[in-house]
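Counting from 1, position 584 in the sequence shown corresponds to residue 584 in this note's numbering; the numbering is continuous, with no gaps.
Glycine included, C-beta positions come from ideal geometry on N, C-alpha and C.
Just so you know, these numbers come straight off a predicted model, no measurement behind them.
The structure appears right after this line, and notes come after that.
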Amino acid sequence: MSKSSSDTPLMQQHKAIKQKYPDAILLFRVGDFYETFGQDAIISSQVLGITLTRRNNGAAASSELAGFPYHALDTYLHKLVKAGYRVAICDQLEDPKQVKGIVKRGVTEMVTPGTATNEKLLEHHSNNFLASICFIDDHNFGLAFLDISTGEFFIAEGDREYADKLLQSFQPAEVLFQRHRQKMFKEYFGTKFYTYTLDEWIFQDTYAQDTLLKHFQTHSLKGFGVEELTHGLVAAGAILHYLKDTEHPNLQHIISMQRMDKGDFLWMDRFTIRNLELLGAPGSEGHTLIKVLDHTVSPMGARLLKRWIVFPLKDAGRINERLDLVEYFIGAVDLRNQLAQHIKQCGDVERLVSKIPLKKIGPREVLQIARGLQQVAAIKEACTNIQNGYLRRLSDTLNPCNYIAGKIQAELVENPPPTAAKGSFIRSGIHKELDELRFIASSGKEYLVQMQQQESANTGISSLKIGFNNVFGYYLEVTNSHKNKVPASWTRKQTLANAERYITPELKEYEEKITGAEDKIFQIELSLFEALLNELQDYLSPIQTNGNILAILDCLLCFAQNAISFGYKRPRIHEGEELLISAGRHPVIERYLNAGDQYVSNDVTLNKTEQQIIILTGPNMSGKSALLRQVALITLMAHMGSFVSANDAYLPVTDKIFTRVGASDNLSGGESTFMVEMNETASILNNVTSRSLILLDEIGRGTSTYDGISIAWSIVEYLHQAPQMPMTLFATHYHELNELENKWQRVKNFHITNKEVGNKIIFLRKLAPGGSTHSFGIHVARMAGMPPALIRRANEVLAQLESKHVGDATEKVRDLGGPRLQLSIFDVHTQTFENIRKVLEDLDINRLTPVEALLKLQEIRNMLQ
């Protein structure tokens with residue numbers, strides 16, 4: 001912005017500051033208002049719904065102007081940030097009353113979606129992560145995630161798939177990366193994130209190391225166990241650089257880093273997290289697992305539970321440690337209720353403590369920290385002599401910080417104001433001068449009455465009065481009839497028609513005291529509060545640890561309450577290779593049934609000797625997809641350390657859950673529904689392990705029937721013959737796949753039962769051995785309200801098609817032999833299938849791209865034709 005010679009000094013100052021923050025909306029403090037000018041004013045007017053005006057500020061042309069009162073900052077700030085704008089808050093750095101000319105101004109804070117700390121910008125039950133990605137090359141990344149509002153700091157390294165998984169799981173509010181990587185970021189991770197790019201030099205190893213060492217004030221990073229995550233540390237350093245660059249210098253509450261290793265958790269890719277409806281979209285009201293399970297009593301517990309859902313454990317020892325404590329809590333009713341009450345009264349410990357170094361904490365919140373520490377002491381006391389080792393270990397880690405808790409409660413009043421600016425929050429008896437000033441300020445009238453009575457007695461002037469005006473302050477007024485009694489020590493200040501006004505040294509001294517008392521009271525209270533906050537700085541680490549322990553206890557208490565309320569049972573986790581679920585239920589669906597309805601439970605068995613793959617058939621709306629999902633959700637809940645929605649669950653330690661459910665497209669990315677389906681399925685097939693659980697629903701439905709059957713058939717065979725032998729549930733409408741049971745020993749057919757009564761279908765939702773031969777799609781269309789004439793015609797067409805094509809299809813399927821893909825349901829010469837077999841045998845599936853796969857399918861289709 002060029003400086004115009006005709007600009008007023010105020011506008012010249014605004015332009016100079018705006019040049020430093022060109023990509024932010026500048027809120028410029030002018031008196032009692034925050035003003036915006038030019039394009040900032042246009043945006044603010046649109047987003048905030050405030051009036052846009054034009055004002056000539058001395059320049060040749062008038063400038064757009066929009067503003068709001070400074071005390072409404074919190075109300076308007078969050079609207080701008082939520083709309084995706086960066087906001088620079090420019091305050092007056094001097095008292096206008098003490099300055100001649102232009103007041104010095106400067107940006108005191110930059111607020112962006114990922115650096116928000118204001119409560120109105122945050123969701124209590126969700127973290128607000130700022131993410132950073134360091135592109136190592138086209139396939140590997142360093143990542144860091146920081147929630148400035150809680151101090152939680154995670155770093156990781158991995159391939160594109162892992163980076164994508166972390167971004168989907170942490171759902172950052174803002175993502176930082178190298179400026180020249182914009183195109184690649186969009187291609188790899190989409191456009192749903194708010195992003196900000198930084199210069200390349202910020203992502204240099206040496207600079208990042210120096211930044212981190214300076215912040216943590218250590219000689220090395222070995223103590224955090226992350227020293228070999230070089231590129232993860234670069235991403236972490238970029239975050240700290242960005243925070244300093246956006247006017248966030250007080251970061252003492254960020255005291256550690258935690259590594260996120262892919263191998264520590266049960267793996268679920270972003271498709272699985274979406275397909276299982278674990279969290280739902282931010283702010284959505286859908287029926288999700290988190291909505292059903294979250295009965296935590298604290299915000300930090302709710303945030304941790306979300307993380308446990310997307311990062312379940314896969315270490316049997318740690319899982320059973322949680323399960324043992326949940327079981328203990330179920331039996332210890334009094335202790336469970338007692339701990340829940342204490343945790344509830346602690347408040348949001350993590351976010352409260354982060355406000356201390358940020359200098360954004362008020363007296364009421366400081367007192368809440370002390371009261372929370374009292375609750376911590378009570379929890380620690382309640383857990384004395386507890387038999388459960390894990391609970392004892394957790395409670396031993398709690399620190400009530402008795403000294404600072406006592407000091408806070410001794411110095412702050414019982415009901416302090418929310419902000420220090422309101423004053424009156426320090427108790428009496430803490431500071432002698434403060435008590436004296438308060439006495440002067442509060443008992444001024446009484447003191448003046450005493451002085452008037454004393455002077456009247458001393459002088460014999462019965463009509464003596466004490467008054468006040470703005471010209472010379474307090475005075476003594478004497479009527480003319482008593483002028484001769486005025487002492488020589490009094491000084492005359494004003495003569496009236498029938499009276500005269502005087503001042504005395506004592507009255508002048510009192511006047512100085514009473515007029516300055518309020519200001520002095522405010523300054524003393526602020527200095528005492530500042531000293532209290534400085535002492536609190538020494539307790540950041542133990543209080544943060546308390547917050548983490550309370551969150552863990554909150555989640556496990558929540559699991560215990562869920563088990564009691566919903567009839568969940570303890571799962572048995574083992575290192576073997578058999579999955580047995582007895583009377584399993586879908587934990588979400590059963591919570592939203594109509595009154596009086598009961599969820600139909602089912603038994604499921606999977607193993608690697610007899611029943612590795614279940615082909616599941618049955619009518620539309622019969623519950624196939626629900627059964628698939630409930631097996632995955634029961635497995636997931638068990639690995640979180642929760643009891644599960646089943647009468648019994650004997651579950652192997654699982655390292656990956658894969659799901660492919662439903663149809664969706666990615667039109668903006670140039671991918672059809674079928675391409676998305678193939679991408680997701682390819683990702684599953686290329687990443688299976690011996691401990692994977694795979695759930696496939698309606699694979700192959702996005703293309704023609706024969707193509708779809710071919711693909712589905714091949715996938716089942718591939719999974720059966722894979723050396724990992726992953727346990728698989730495959731729901732399908734392709735009843736031809738039931739023939740696979742006759743050809744492969746570990747493939748078993750099951751169906752969801754139904755009963756036909758007249759021309760109606762009753763869905764029994766019960767799993768039974770054997771395949772199904774009907775989908776009842778037309779019946780579902782009738783239930784949806786399709787016109788009767790359309791339904792009649794559909795039945796006629798179906799009858800014609802079945803009589804024409806189905807007659808010999810079953811017999812031809814049964815002719816399939818050996819491990820080769822000889823789909824004789826198609827009337828094609830045997831040599832054609834030999835050619836197809838050779839094409840498939842020559843393929844290296846692990847190196848095949850989705851596009852190449854489609855081309856190969858097209859080649860096979862051409863052979864068949």
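Which listed residue (the options) has its alpha carbon closest to that of residue i
i	options	result
residue 490	475, 497, 479	475
residue 570	239, 409, 641	641
residue 102	199, 448, 13	13
residue 370	225, 407, 161	407
residue 452	432, 438, 478, 436	478
residue 751	158, 862, 765, 497	765
residue 73	89, 467, 64, 513	89
residue 401	716, 254, 558, 537	537
residue 108	95, 87, 482, 864	87
residue 602	608, 626, 612	626
residue 770	739, 82, 441, 612	739
Cα-Cα separation between residue i and residue j, rounded to whole angstroms
i	j	result
residue 393	residue 323	15 angstroms
residue 605	residue 580	5 angstroms
residue 742	residue 736	12 angstroms
residue 40	residue 130	25 angstroms
residue 912	residue 416	The requested residue 912 does not occur in the structure, where the chain is confined to residues 1 to 865.
residue 705	residue 699	11 angstroms
residue 494	residue 500	6 angstroms
residue 396	residue 516	51 angstroms
residue 414	residue 116	30 angstroms
residue 505	residue 465	17 angstroms
residue 145	residue 598	43 angstroms
residue 209	residue 233	7 angstroms
residue 864	residue 681	24 angstroms
residue 202	residue 182	16 angstroms
residue 328	residue 319	14 angstroms
residue 118	residue 361	11 angstroms
residue 820	residue 128	The predicted model places residue 820 with a pLDDT of 39, which falls under 50 and marks its position as unreliable, so this point remains unresolved.
residue 251	residue 272	36 angstroms
residue 843	residue 165	28 angstroms
residue 141	residue 259	14 angstroms
Helix, strand or coil at residue i according to DSSP, with G and I counted as helix
i	result
residue 207	helix
residue 260	coil
residue 555	helix
residue 112	coil
residue 401	coil
residue 63	strand
residue 13	helix
residue 645	coil
residue 701	coil
residue 175	strand
residue 375	helix
residue 570	coil
residue 481	helix
residue 900	This structure cannot settle anything about residue 900, because the visible part of the chain is limited to 1 through 865.
Outcome for residue i when other beta-carbon atoms lying within 10 angstroms are tallied against a minimum of 16
i	result
residue 355	buried
residue 858	exposed
residue 132	buried
residue 733	buried
residue 784	exposed
residue 343	buried
residue 496	exposed
residue 138	exposed
residue 720	buried
residue 434	buried
Residue i: first and last residue of the uninterrupted alpha helix (DSSP H) it sits in
i	result
residue 590	That residue, residue 590, is in no alpha helix (DSSP H); it is neither H nor E in DSSP.
residue 300	299-310
residue 87	No alpha helix (DSSP H) contains residue 87, which is instead part of the beta strand (DSSP E) from 87-92.
residue 187	182-189
Unbroken beta strand (DSSP E) run spanning residue i, endpoints
i	result
residue 142	140-147
residue 605	602-606
residue 657	656-660
Contact test: residue i Cβ vs the ligand MN heavy atom, cutoff 7 angstroms
i	result
residue 184	The ligand content of the structure shown is nil, which means the ligand MN is not present either.
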